[in-house]
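Those letters in the sequence shown? Residues 160 to 362, per my numbering, in order. Note that beta-carbon positions come from the ideal geometry of N, C-alpha and C, so glycine has one too. Since we're looking at a predicted model, the values are computed, not measured. I have placed the structure first, in the form of structure tokens, so that the comments after it can refer back to it.
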Amino acid sequence: MLKLHFAPNSRAGRIVWLLEELGLPYDINKMAFSQEDLKSDEHRARHPLGRVPVLDDGDVQIYESGAIVEYVLERHKNGGLKPSVDSQQYPEYLQWFHYCEGMVMPPVNTVVVQTVLLPPDRRDETVLGQAKRLLSKALEPVNQALEGRDYLIGDFSGADIMLGHACFMSNRIGCVSDDMEHLKAYVGRIEARAAFQTAITMQ
Ligand SMILES: N[C@@H](CCC(=O)N[C@@H](CS)C(=O)NCC(=O)O)C(=O)O
């Protein structure tokens, strides 16, 4: 049985979303999003930086949300929710899948650090402003790609689990402007998915 090490309001939600979309059974180790839980010796033995998500699958233990999504799709869904390697959609799938952690999440992290995680006296408005501008620029091509499409490569795929979740987070922190209409509509479609709702409300 798959076992997910989870904390609420984190990228671990991506893996709950994935497993729910796929209908795969799983156990869950719910931790608090706290130093006490995430930086415990027990959790650092799973992830050296004390982060989530981490997935156990028998003898396998794996971290990095993107790697976990790929692992589950290949090992447990026979390549489901991803286009075949020789299809036209495949390069785009790879691009948007990796654009998530490569381009969108770094400024999302900075915005969260500068607005929530740091105590007010250590926040820096300049750093926050730079991160918001960078995030807005990073989201513009996503908005354009979604014109006339329901999901990133047309059909719902693993790329949506990754980048769709990052778009949801960007919207939640107030960084998707109303003029990014395709992106706004996309976030709405994601939020309407039952599997996503299960993931995002899990505490
Ligand atoms: N690139 C990693 C990022 C993992 C990560 O930073 N997770 C955050 C939650 S979204 C975390 O565990 N933060 C706890 C901490 O920094 O102490 C992934 O995609 O899994």
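Check: Closest by C-alpha distance to phenylalanine 327, when choosing among Asn302, Leu197, Pro184; Outcome: Asn302
Check: Limits of the alpha helix (DSSP H) - the one that histidine 235 falls within; Outcome: 224–236
Check: Endpoints, beta strand (DSSP E) assigned at tyrosine 185; Outcome: 185–189
Check: Option nearest glutamate 260 by Cα separation, candidates Ala166, Ile320, Phe315; Outcome: Ile320
Check: Same chain only: Cβ atoms within 7 Å of phenylalanine 192, ignoring 5 sequence neighbours per side; Outcome: Ala166, Pro167, Asn168, Ser169
Check: Helix, strand or coil at glutamine 247 [DSSP, three-state]; Outcome: coil
Check: Glutamine 254 - DSSP class collapsed to helix/strand/coil; Outcome: helix
Check: Cα-Cα separation, aspartate 283 to glutamate 233; Outcome: 42 Å
Check: Beta carbon of tyrosine 185 nearer than 9 Å to that of leucine 208; Outcome: no
Check: beta-carbon phenylalanine 192 near ligand 1 non-hydrogen atom, thresh 8 Å; Outcome: yes
Check: Glycine 172 versus Arg292, Leu276, Gly225, residue with shortest Cα-Cα distance; Outcome: Gly225
Check: Ordered list of alpha helix (DSSP H) runs contained in the region 274–328, each at least 4 residues; Outcome: 284–304
Check: At least three beta-carbon pairs within less than 8 Å, the region 330–348 to the region 289–309; Outcome: yes
Check: Presumed contact (8 Å Cβ cut-off) between leucine 311 and tryptophan 255, rounded CB distance; Outcome: 5 Å
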